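Here the structure comes first, spelled out in structure tokens, and everything after it is commentary.
Numbering (my numbering), first residue to last: 321 to 846.
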């Protein structure tokens, strides 16, 4: 089989950092190749070299046996390389056709006007060729996330892509949409296209890829056939040690109600209702999970609970106190810790060093004050403790937050919040962008808090995570919790249907109506 991509000795240096160190990678034409690795392992950097966003410090990029030198993504596109980023590059008010042809529209009347009929015809023809089910006339803002991803793929194909790079393509998809994406992969490779996708999900890499390459510390530590490896072997390659992949959740006894949410309704930034009459309780020693596809009101709900957004109606009681109108600082002082979904916007001040970030929200704590001013010696010691305990790299308290990889930024935030000695941890996507070894550690820490009687409210779009950690699990769809289930008695397929707004038939679910009524009202898990 012919080689579509060969990266030969790729080294990419940034000031003080070697992101890729003499990396070789070969991908055969018409195959799916997965790229795995820890945060900071160099996966995205390597693909940015292939796509022309970065020029390699050393090494060669070879496409179809021809060495290429890309000065920009335009050069890569001209060579048949397309990239679909994790955050889609679509214009929401425009139609599917307008997005796909944007910048490359067919024209008429001597190039004086866009030929909209020809554009639409080209999109329909392309969609039919690859078996994509998209409406060429729909506005992007009105279609699902999975459909938007297909639009991004069609946009790359419209520009002549023979090699497609996808960065974390399943991050915002339901299980059903993930399967549909993998069917798209199969259709594309059958027609000769080559796919490289970055993922931290071992099972998905094994399910979708023909070959898997693992990067560690900027180096290629192994390429294996997907059919000839295991999740454990891949995790060991990624981390360099044995990793516990399955969540082992010991039984625990729940205590008093720590958080009570009653008929909360919240509007988004546009004034549109994002959360509609949501109610639930979280008890001491319990993990209450919320599952759902991103964008179904989870963000606005969590912002209301943590004091970052005012609800339109309803009440929030924390440790017996009505905190609906109390400040974010009051909630921190009362024992509410918060791991935000957007670490840059809510979790860190990016141009502060780790010492300064270590006391965000705790700057008035007497432990970090001396004579009415911040005690920087105590604060530095606190930052060093977080860095050591949570394995933040580089282990430098004076490092600027922006200089850390996303996974290490996340580990620092998790450490700071867990070390507040909280009564409640609100954890919104706590392992997003974090490598498999760090995921294991964060899961262990959450379960340790649970065993000590801390209440945990967990929001995650990762079904294995939210199922494995939660004692009770609510599913959000279009601003409502449409069901609360016992995760140990609910299949991934049933959860996927709920996340898509569909209730499984009563005969097909392992959770009875009585069970659901019990857990929905704060009763014991069945």
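Every residue gets a Cβ at the ideal spot worked out from N, C-alpha and C, and that includes glycine.
Computed from a predicted model, the values in this text were never measured in an experiment.
Beta-carbon contacts of residue i that lie in its chain and below 6 Å, excluding the five residues immediately before and after
| i | result |
| --- | --- |
| residue 820 | 494 |
| residue 390 | 372 and 396 |
| residue 522 | 551 and 554 |
| residue 382 | 326 |
Buried or exposed (CB count within 10 angstroms, at least 16 for buried), residue i
| i | result |
| --- | --- |
| residue 751 | buried |
| residue 660 | buried |
| residue 831 | Low confidence applies to residue 831: its pLDDT is 38, below 50, so where it sits in the model is not reliable enough to give any reading. |
| residue 419 | buried |
| residue 368 | buried |
| residue 529 | buried |
| residue 403 | buried |
| residue 409 | exposed |
| residue 428 | exposed |
| residue 699 | buried |
| residue 574 | buried |
| residue 662 | exposed |
| residue 469 | buried |
| residue 411 | exposed |
| residue 795 | buried |
| residue 669 | exposed |
| residue 763 | buried |
| residue 550 | exposed |
| residue 760 | buried |
| residue 392 | exposed |
| residue 380 | exposed |
| residue 631 | buried |
| residue 430 | exposed |
| residue 600 | buried |
Beta-carbon contacts of residue i that lie in its chain and below 7 Å, excluding the five residues immediately before and after
| i | result |
| --- | --- |
| residue 593 | 585, 587 and 799 |
| residue 357 | 363, 534, 535, 536 and 558 |
| residue 627 | 646, 647, 648 and 651 |
| residue 361 | 535, 536, 537 and 538 |
| residue 695 | 688 and 689 |
| residue 365 | 332, 339, 340 and 374 |
| residue 784 | none |
Between the CA atoms of residue j and residue i - distance to the nearest angstrom
| i | j | result |
| --- | --- | --- |
| residue 581 | residue 619 | 15 Å |
| residue 432 | residue 479 | 21 Å |
| residue 612 | residue 697 | 43 Å |
| residue 497 | residue 723 | 34 Å |
| residue 423 | residue 667 | 37 Å |
| residue 685 | residue 718 | 21 Å |
| residue 641 | residue 809 | 34 Å |
| residue 807 | residue 324 | 43 Å |
| residue 570 | residue 758 | 20 Å |
| residue 756 | residue 330 | 25 Å |
| residue 457 | residue 790 | 41 Å |
| residue 485 | residue 398 | 15 Å |
| residue 621 | residue 681 | 20 Å |
| residue 483 | residue 400 | 6 Å |
| residue 635 | residue 644 | 6 Å |
| residue 562 | residue 596 | 44 Å |
Three-state secondary structure assigned by DSSP to residue i
| i | result |
| --- | --- |
| residue 332 | strand |
| residue 539 | strand |
| residue 327 | strand |
| residue 555 | helix |
| residue 363 | helix |
| residue 832 | Residue placement at residue 832 is flagged as unreliable, the pLDDT there being 34, under the threshold of 50; a coordinate-derived value is accordingly withheld. |
| residue 846 | Bear in mind that the predicted position of residue 846 carries a pLDDT of just 28, short of 50, making it unreliable; the figure below should be weighed with that in mind. Looking at residue 846 - three-state DSSP - the assignment turns out to be coil, as it is neither helix nor strand. |
| residue 839 | Caution is warranted here: a pLDDT of 30 is assigned to residue 839, below 50, making its placement in the model unreliable, and no coordinate value can be reported. |
| residue 349 | coil |
| residue 589 | coil |
| residue 633 | strand |
| residue 757 | helix |
| residue 782 | coil |
| residue 619 | helix |
| residue 463 | coil |
| residue 826 | Low confidence applies to residue 826: its pLDDT is 45, below 50, so where it sits in the model is not reliable, and the reading given next is rough at best. Note: residue 826 maps to helix in three-state DSSP. |
| residue 645 | coil |
| residue 710 | coil |
Own chain residues within Cβ distance below 8 Å of residue i, not counting five before or after
| i | result |
| --- | --- |
| residue 633 | 583, 584 and 585 |
| residue 657 | 737, 738, 740, 742, 744, 745 and 746 |
| residue 321 | 348, 349, 350 and 351 |
| residue 774 | 604, 605, 742, 743, 744 and 745 |
| residue 460 | 410, 411, 412, 413, 414, 415, 416, 419, 468 and 471 |
Beta carbon proximity, residue i to chain C, threshold 9 Å
| i | result |
| --- | --- |
| residue 407 | In summary, chain C is missing from the structure at hand, where a single protein chain is found. |
Decide if the stretch 330 to 340 is in contact with the stretch 503 to 519; the criterion is three or more beta carbon pairs, one per stretch, under 8 Å apart. Result no; under three Cβ-Cβ pairs closer than 8 Å.
Please confirm if the stretch 701 to 715 is in contact with the stretch 723 to 742, defined as three or more CB-CB distances below 8 Å between the two stretches. Touching, yes.
Are the stretch 598 to 612 and the stretch 538 to 550 touching by the rule of at least three beta carbon pairs closer than 8 Å? With a cut-off of 8 Å, the stretch 538 to 550 and the stretch 598 to 612 do not count as touching, because too few Cβ pairs lie within range.
Do three or more CB pairs link the stretch 436 to 455 to the stretch 390 to 407 at distances below 8 Å? Counting C-beta pairs with one atom in each stretch, the stretch 436 to 455 and the stretch 390 to 407 have fewer than three that are closer than 8 Å, which means they do not touch.
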